[in-house]
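Notes follow the structure.
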Amino acid sequence: MAMCVGMWILLLALHVQGGDGQMVQMDSSKSGNVGSQVELRCIFINSNPPVKISQVTWQKLLNGTKQNVAIANPALGVSVLPPFKERVSFKQAAVRHRTPSLEDTTIVFSSLQLSDEAAYICEYTTFPAGNRENMVNLTVYARPMTRMTLTTPTIVARAQKRKMTVATCVSANGKPPSEIKWETRLKGEATSQQTRNQNGTVTVRSNYVVIPSRETHKQKLTCIVMYRNERITDSVVLNVQYEPEVKIEGFDGNWYLNRQNVQLTCRADANPPVTIYQWKLLNGSLPSNVEIKNNTLFFKGPVTYDLAGTYVCDATNGIGTRTGIVDVNITEFPNNPPRGDDEIPQEQHNAGAAIGGAVGGVALLGVAAILLFIFLRRRQRTFKGDYSTKKHVFGNGYSKAGGLPAHPPIPKNLQYPDDSDDEKKPAQIGGTGGFEASERDFDTEQEDLKRPYFTVDEGESRDYDERTLAFQYDPEPEIADDMISQTDGSVISKKEWYV
C-alpha cells in the first residue's frame, strides 16, 4: 500500500515537472473579495535545450468537472470563453502578439464574483515533452452589509415591566459568517440567529432585549460586528418614554410660626415633559394665602398653623399621571436657623477679612511702639560715662563697675537747720516744711545699689546750694582701684559699662 502511494506522488511530480526539467510555477492559493481584482500566476520554466510550447489552457475545476476559461495558441491567438470573457484577460501583452511569448500566461480576474470560487488549472502542451500543469485554489470573500435599527421609533416603559426588543443588528450576506457582540451599560440580553443564503453567504441577526424604564432612557447601545480581522461598529441612543417621576421640594422640616417666604415645588422627571400640574391638600382645601404658579405653591405672609397638612401634586404627560406627596408640620419655634440666614454674603466675608487685617496691623504697630518706649526709657535711666568731661558725682557716686564704699546707714528723713553755724549734721525732719521722705519706704543700702547715677557739670554746680544737696556724707574712704580721682575732687570709673 505504501509503495502504491509513493508511486502516485512520483507520477504527480513528474507531471508537474518534466523529467527533462520543465516546470509550471503557480501559487497554491489566492483570495479576494467580491468586486475586487485578483491575479492567478502561471509561469513555465523551460528546459535546456528548450521544448516547443504548442498551447496554454486555463480550466476551472469545480466538483470534479473542468470548464475552459482561456486559451493561448501561437497559431490561433488568444481566446477567452463565456462567462469569463468580460472579466478575464492575460496579464502579459506578449501573449497576444503575432509571434507570442507564452512562458508567462498569468490571468487577471476583474469584478470578482462568488461563483468564481474554485480550483484553477494552468496546463502547458509542449512538443516533444507532452503536457505540464499546476493548480491554484481561489477563495472569494463577501464583506457583509451591516446595519443597526431601533425596533420601534417610540419605546414606552410600561408599569408591567415586560421585556421587549429595543434594537436589532444585522450583518447581511457575509462570507464567511460574522460574529455580533453588544456594548452597553444596559442590563439586557442578546439573541442571535443565522440564515444561509443561496449564493453561499450568511446573514446574522442579533436582537437586544431589555425592560424599558426611566433608567434606560438616553442610554447608548453599540453593535459590534467582527468580520475576519475587521471590526465594524454602529450605535443608537435609546429614546424611552415614561410616566413622570414626581417629588415635592421646599419643606425642610423647619417651618415655624411667622417664618417668611416658604414655598413648595413639584419636580417631575418625565419623557415627554409634564403638561399638567395639579395641587391639592388631603382632607381639606388649599390655604387662602397660597398662590399657584406653574409647578410651585407660594405661601404669602407669615407661616401659621393653617399651613400644616399633606400636600399632593399630580403630574401628567402623554404616557400617564404620577403623584408626589409631602407632609408639612408647623412648630412654634425654629428647630434650626433657616439655612439662608446662616449664609453670609461673599462681600461680608471679604469686608470682615479686610477689617480683621487692619485691626491686626494696628495692634502689631501698638505692641512695637510699647516695646520701643520701654527700651528708650531704660536707656534714659542708664548711666552713660564720659571721660572727657569732669562731673561731680551725686547719688551713690559710683559706677557699677567700681564697687560701693562703706558708709553709715542713711536716715529716712534728713534736713539741715537754717540757723545752725555748726558743722551741718544730719537730723530728723519733723516739720511739714522740711523735705518729706517718709512715704518712700525703702531700704537705704539696697536702694543705693539700684539708684541711677546723677551727675552735674562743674559749670552748673553753682546753681545748687547745700540745701539742694539734701545729703552729706562723711569723708570717703580710700578710692577703689578702678576709680580715677580728678583735680576738682570728682572721680570716674575706668570700667564704666552700660546696661
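Residue numbering for the sequence shown is -21 to -1, 1 to 478, as defined by mature numbering (1 follows the signal peptide of the UniProt record, and there is no 0).
Glycine included, every Cβ here is placed at the ideal spot set by N, Cα and C.
Here the structure is a predicted model, which is why all the values come from computation and not from measurement.
As assigned by DSSP and simplified to three states, the class of residue i
{"i": "Asp6", "result": "coil"}
{"i": "Asp95", "result": "helix"}
{"i": "Asp83", "result": "strand"}
{"i": "Phe23", "result": "strand"}
{"i": "Leu355", "result": "helix"}
{"i": "Val372", "result": "Residue placement at Val372 is poorly supported in this model, since its pLDDT is 41, which falls under 50; the coordinates are not used for a value here."}
{"i": "Gly229", "result": "coil"}
{"i": "Ala416", "result": "For Ala416, the predicted model reports a pLDDT of 39, less than 50, meaning its position is unreliable and no value from the coordinates is stated."}
{"i": "Ser15", "result": "coil"}
{"i": "Leu344", "result": "helix"}
{"i": "Leu286", "result": "helix"}
{"i": "Ala138", "result": "coil"}
{"i": "Gly303", "result": "strand"}
{"i": "Arg75", "result": "helix"}
{"i": "residue 486", "result": "Because the chain here runs from -21 to 478, residue 486 falls outside it and cannot be looked at."}
{"i": "Ala108", "result": "coil"}
{"i": "Val338", "result": "helix"}
{"i": "Thr174", "result": "strand"}
{"i": "Met205", "result": "strand"}
{"i": "Val57", "result": "strand"}
{"i": "Ser214", "result": "strand"}
{"i": "Thr128", "result": "strand"}
{"i": "Thr133", "result": "coil"}
{"i": "Pro431", "result": "Since pLDDT at Pro431 reaches only 45, below the 50 mark, its modelled position is unreliable, and the value read off the structure follows with that caveat. DSSP places Pro431 in coil when its eight states are reduced to three."}
{"i": "Lys259", "result": "strand"}
{"i": "Thr180", "result": "coil"}
{"i": "Ser264", "result": "coil"}
{"i": "Gly43", "result": "coil"}
Anticipated Cβ contact below 8 Å, residue i with residue j, distance rounded
{"i": "Glu102", "j": "Gln4", "result": "Actually they are not in contact, since the Cβ atoms of Glu102 and Gln4 sit about 14 Å apart, beyond 8 Å."}
{"i": "Ala136", "j": "Val219", "result": "6 Å"}
{"i": "residue 519", "j": "Leu19", "result": "The requested residue 519 is not part of the displayed model; the chain covers only -21 to 478."}
{"i": "Pro313", "j": "Asn233", "result": "6 Å"}
{"i": "Ser214", "j": "Lys197", "result": "Not confirmed; about 13 Å, so no contact."}
{"i": "Thr244", "j": "Asn274", "result": "6 Å"}
{"i": "Phe63", "j": "Val87", "result": "Contact doesn't hold; Cβ gap of about 11 Å is too wide."}
{"i": "Gly11", "j": "Val181", "result": "The pair is not a contact, with the Cβ atoms about 19 Å apart (cut-off 8 Å)."}
{"i": "Leu261", "j": "Thr289", "result": "4 Å"}
{"i": "Tyr235", "j": "Thr310", "result": "5 Å"}
Nearest candidate by alpha-carbon position, reference residue i, set the options
{"i": "Gln139", "options": "Glu222, Thr170 and Asn42", "result": "Glu222"}
{"i": "Gly43", "options": "Ala72, Ala97, Lys70 and Phe63", "result": "Ala97"}
{"i": "Val74", "options": "Ser94, Pro53 and Lys64", "result": "Pro53"}
{"i": "Val305", "options": "Glu311, Leu236 and Ile227", "result": "Ile227"}
{"i": "Thr130", "options": "Pro123, Ala121, Asp248 and Lys142", "result": "Lys142"}
{"i": "Thr195", "options": "Val216, Asn240, Arg210 and Asn176", "result": "Val216"}
{"i": "Ser94", "options": "Ala108, Ala121 and Arg77", "result": "Ala121"}
{"i": "Thr212", "options": "Leu91, Ala348, Met124 and Phe106", "result": "Met124"}
{"i": "Arg238", "options": "Tyr284, Pro251 and Tyr99", "result": "Tyr284"}
{"i": "Asn178", "options": "Val13, Gln242, Gly297 and Pro28", "result": "Val13"}
{"i": "Lys9", "options": "Val346, Leu350, Ala348 and Leu117", "result": "Leu117"}
{"i": "Pro107", "options": "Leu276, Ala247 and Asn25", "result": "Asn25"}
{"i": "Gln242", "options": "Val282, Asp248, Val253 and Arg210", "result": "Val282"}
{"i": "Ile298", "options": "Ala342, Asp248, His76 and Glu162", "result": "Asp248"}
{"i": "His76", "options": "Cys292, Asn250 and Leu55", "result": "Leu55"}
{"i": "Arg210", "options": "Trp258, Asp231 and Trp161", "result": "Trp161"}
{"i": "Gly303", "options": "Ala337, Leu343, Trp258 and Ala342", "result": "Trp258"}
Contact set for residue i: own chain, Cβ-Cβ below 6 Å, skip 5 residues either direction
{"i": "Ser89", "result": "Gln16 and Arg66"}
{"i": "Asn308", "result": "Ala287"}
{"i": "Ile50", "result": "Thr36 and Ser58"}
{"i": "Glu168", "result": "Val188"}
{"i": "Cys148", "result": "Met127, Ile159, Ser185 and Cys202"}
{"i": "Pro191", "result": "Ile134, Ala136 and Val219"}
{"i": "Ser172", "result": "In the sequence on display, residue 172 carries Gln and not Ser. If we look at Gln172 and ignore the five residues flanking it on each side, its Cβ neighbours are Arg184."}
{"i": "Arg175", "result": "Val181"}
{"i": "Leu60", "result": "Asn47"}
{"i": "Gly229", "result": "Gln242, Leu243 and Thr244"}
{"i": "Ser7", "result": "none"}
{"i": "Thr170", "result": "Asn186"}
{"i": "Gln71", "result": "Asp83"}
Cβ shell of residue i (< 8 Å), same chain only, five flanking positions each side left out
{"i": "Thr104", "result": "Ile32, Ser33, Gln34, Val35, Thr36 and Asn110"}
{"i": "Thr133", "result": "Asn218 and Gln220"}
Cβ-based neighbour list, residue i, same chain, cut-off 7 Å, excluding 5 preceding and 5 following
{"i": "Arg164", "result": "Gln198"}
{"i": "Asn268", "result": "Phe278, Lys279 and Gly280"}
{"i": "Arg301", "result": "Glu222, Pro223, Glu224, Val225 and Ala294"}
{"i": "Thr84", "result": "Cys21, Val35, Ala51, Phe69, Val74 and Cys101"}
{"i": "Pro79", "result": "Ala51, Pro53 and Ala73"}
{"i": "Pro252", "result": "Asn296"}
{"i": "Gly340", "result": "none"}
| Does the pairing of the stretch 146 to 163 with the stretch 200 to 213 give three or more beta-carbon distances under 8 Å? | yes
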